[in-house]
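Step one of this worksheet: look at the structure below.
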Amino acid sequence: MASITVRNLPDETHRALRIRAAEHGRSTEAEVRAILEDAVGPKERLKVGSELAAFGDKHRLNLEIVRDNEPVRIATFE
Numbered sequence: 049m050a051s052i053t054v055r056n057l058p059d060e061t062h063r064a065l066r067i068r069a070a071e072h073g074r075s076t077e078a079e080v081r082a083i084l085e086d087a088v089g090p091k092e093r094l095k096v097g098s099e100l101a102a103f104g105d106k107h108r109l110n111l112e113i114v115r116d117n118e119p120v121r122i123a124t125f126e
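Count along the sequence shown from 1, add 48, and you get the number used in this note's numbering.
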């Protein structure tokens, strides 16, 4: 897992991070991780089927998407 160092962080910013972390019941480091993940992470879960359908619509592909209604089967490795 990657790590970063933030240099020249103003004391006021560090103090605000410590306060915010305490309000959320986590360490300053965990708070920074949460802030960064929220800032750059996807806002919602990627739905592959929806993305494929949008791609087909955008490129005028005639795709018939049919959901498989078969019950889920547990894989066996025998």
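Beta carbons: idealized from backbone N, C-alpha and C, even for Gly. Treat the numbers as computed from the prediction; the structure is a model and nothing was measured.
Buried or exposed by the 16-neighbour rule on C-beta atoms within 10 Å, applied to residue i
i	result
GLU92	exposed
GLU126	exposed
GLU79	buried
Supposed close pair residue i, residue j - CB separation, criterion 8 Å
i	j	result
THR76	LEU65	5 Å
GLY89	ILE113	The pair is not a contact, with the Cβ atoms about 27 Å apart (cut-off 8 Å).
Close beta carbons around residue i, own chain, < 8 Å, minus the five adjacent residues each side
i	result
ALA101	LEU111 and ILE113
Next on the checklist: If we require 4 or more residues per run, which alpha helix (DSSP H) segments fall completely within the stretch 54-91?
Outcome noted: 59-71 and 76-88
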